[in-house]
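In what follows, a single structure is set out as structure tokens and then discussed.
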Amino acid sequence: MSGEENKALVRRYLDAISGKPKPTSILDQFLSDEILKRHIAETEFGFPNYEIIAEEMLADGDKVMVKVLIRGVHRGNFMGIPATGKQIEALGALIYTITNGKISDHWMLADSMTMMQQLGVIPVQEA
């Protein structure tokens, strides 16, 4: 697949899951990466129907990099933190590897500090 085809696949994937339930049947259409499937299930438990909004996307061969905005309401246990009912909104970066028309590997960096501050786990330091 070309870089543009890989970007189109990632766009379809994000459109299929952002702000919606993320059942295995949908994930299996786009992912062969079992670790990513498990991560999505854990995040979905803590932030049901969370959004991943693509702000920018670049492709190079089998790699697609996406700058994202992650948004959701904390309604279930997440990383040992009981539900707070608070909304989070943080930037992140994703790099997907595409193999045989599916996302086969991923790397993710999210602004965890901002998320933990928004959840009230870490106090916000005033400058």
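With numbering that gives the first Met the number 0, letter number 61 in the sequence shown gets 60, and the count goes up by one each step, no holes.
Think of the CB as a built atom: it goes at the ideal place given N, C-alpha and C, for glycine as much as any other residue.
- Residues of the same chain with a CB within less than 8 Å of the CB of residue 15, apart from the 5 flanking positions on each side, are 25, 28 and 29 in chain order.
- When rounded, the separation of the alpha-carbon atoms in residue 43 and residue 49 is 7 Å.
- Runs of the beta strand (DSSP E) lying entirely within the stretch 32–116, each at least 3 residues long, are 50–59, 62–72, 86–98 and 101–109 in chain order.
- Using a 10 angstroms sphere on the CB of residue 121, the tally of other CB atoms stays under 16, which defines it as exposed.
- Taking each of 0, 7 and 68 in turn and checking the Cα distance to residue 108, the smallest one comes out for 68.
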